[in-house]
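S.K.: Take this structure first; my questions come after.
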Amino acid sequence: MPYLHIQISGEADDALAARVAAAASDLTARRLGKDPALTAVVIDFIPAARWFIGGRRLGDSVARSYHWMVSITDETNTKPQKADYIAAVHETMRELLGDTVAEHSYVHVADLRASAYGFGGLTQEHRYQHAAR
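Position 116 (the sequence shown) corresponds to 121 in the working numbering; numbering is contiguous.
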């Protein structure tokens with residue numbers, strides 16, 4: 006049940022948002038083994054004039070940047086799986102945004118405790134403890 010919040014520098018672009026959301030669901034399913042039917046994706050566009058890297062306004066360059074945060078249940082993925090996911094995200098975003106993606110674009114895999122994370126009013130811990138076996 007991952008939740009992804011992706012921020013992208015630049016003006017709003019619904020077609021790009023749809024491509025990024027589809028890629029996010031696909032990567033999260035293939036690389037982290039998450040169910041795409043339970044994956045939520047939110048895309049925000051931030052004007053380049055309000056995005057700063059190293060104290061410099063991104064709007065002063067041709068580079069694009071992104072911040073990709075995915076929330077997952079702790080202990081459901083290994084360090085190598087997460088490292089592979091982060092590399093795949095950056096490559097995918099480079100393909101979607103072009104070769105001018107700033108190196109200082111970030112991916113954050115947030116491992117959240119099962120007792121403090123859930124959906125539909127139930128924690129992941131509750132779902133685990135009451136799963137049909």
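Note that CB positions come from ideal geometry on N, CA and C, so glycine has one too.
In terms of residue numbering, what span does the beta strand (DSSP E) encompassing T97 cover?
M.R.: Position 92 of the sequence shown, counted from the first residue, corresponds to residue 97. Per DSSP, T97 belongs to no beta strand (DSSP E); it is in the alpha helix (DSSP H), K84 to L102.
S.K.: Who does R125 pair with in a DSSP beta bridge?
M.R.: Indexing the sequence shown from 1 puts residue 125 at position 120. Here residue 125 is Gly; the residue named in the question, Arg, does not match the sequence. G125 is not bridged to any residue.
S.K.: Starting from T78 and walking both ways along the beta strand (DSSP E), at which residues does that stretch end?
M.R.: As a first step, residue 78 is located in the sequence shown; it is residue number 73 there, counting from the start. Unbroken beta strand (DSSP E) run through T78: Y71 to T78.
S.K.: Does the pairing of the region 82 to 97 with the region 35 to 46 give three or more beta-carbon distances under 8 Å?
M.R.: Yes: the two stretches touch, three or more of their Cβ pairs being nearer than 8 Å.
S.K.: Where does Y71 land, buried or exposed, given buried means 16+ other C-beta within 10 angstroms?
M.R.: Within the sequence shown, numbered from 1, the residue matching residue 71 stands at position 66. Flag for Y71 reads buried.
S.K.: Closest by CA to A42, which one among M6, R132, Q86 and D65?
M.R.: Numbered from 1 along the sequence shown, position 37 holds the residue referred to as residue 42. With distances taken between Cα atoms, A42 lies closest to M6.
S.K.: From A68 to T105, what distance separates their C-alpha atoms?
M.R.: Taking the first residue of the sequence shown as position 1, residue 68 is located at position 63. Taking the first residue of the sequence shown as position 1, residue 105 is located at position 100. Roughly 5 Å separates the two Cα atoms.
S.K.: Of the choices L102, L32 and G60, whose alpha-carbon is the least far from that of I91?
M.R.: For this step, residue 91 is matched to residue 86 along the sequence shown. The residue with the shortest Cα to Cα distance from I91 is L32.
S.K.: If contacts are defined as beta-carbon pairs under 8 Å, then V112 and W73 qualify, I think. What distance do you get, rounded to the angstrom?
M.R.: Start at 1 with the first residue of the sequence shown, and residue 112 comes out as number 107. Start at 1 with the first residue of the sequence shown, and residue 73 comes out as number 68. Right, their Cβ atoms sit about 5 Å apart.
S.K.: Let's see if you can read the secondary structure: which residues bound the alpha helix (DSSP H) around L21?
M.R.: Counting from one through the sequence shown, the residue named residue 21 turns up at place 16. That run of the alpha helix (DSSP H) goes D19 to L37.
S.K.: Which residue from A28, Q12 and R118 puts its Cα closest to that of T78?
M.R.: Stepping through the sequence shown from its first residue, residue 78 is reached at position 73. Considering only alpha carbons, the answer is R118.
S.K.: Is the Cβ-Cβ distance between S110 and A53 less than 8 Å?
M.R.: Within the sequence shown, the letter at position 105 stands for residue 110. Within the sequence shown, the letter at position 48 stands for residue 53. Cβ atoms of S110 and A53: not closer than 8 Å.
S.K.: Between A23 and I11, how many whole angstroms is the CB-CB distance? I'm expecting something under 8 Å.
M.R.: Here residue 23 corresponds to residue number 18 of the sequence shown, with the count starting at 1. Here residue 11 corresponds to residue number 6 of the sequence shown, with the count starting at 1. Their Cβ separation, rounded to whole angstroms, is 12 Å, which puts A23 and I11 out of contact at 8 Å.
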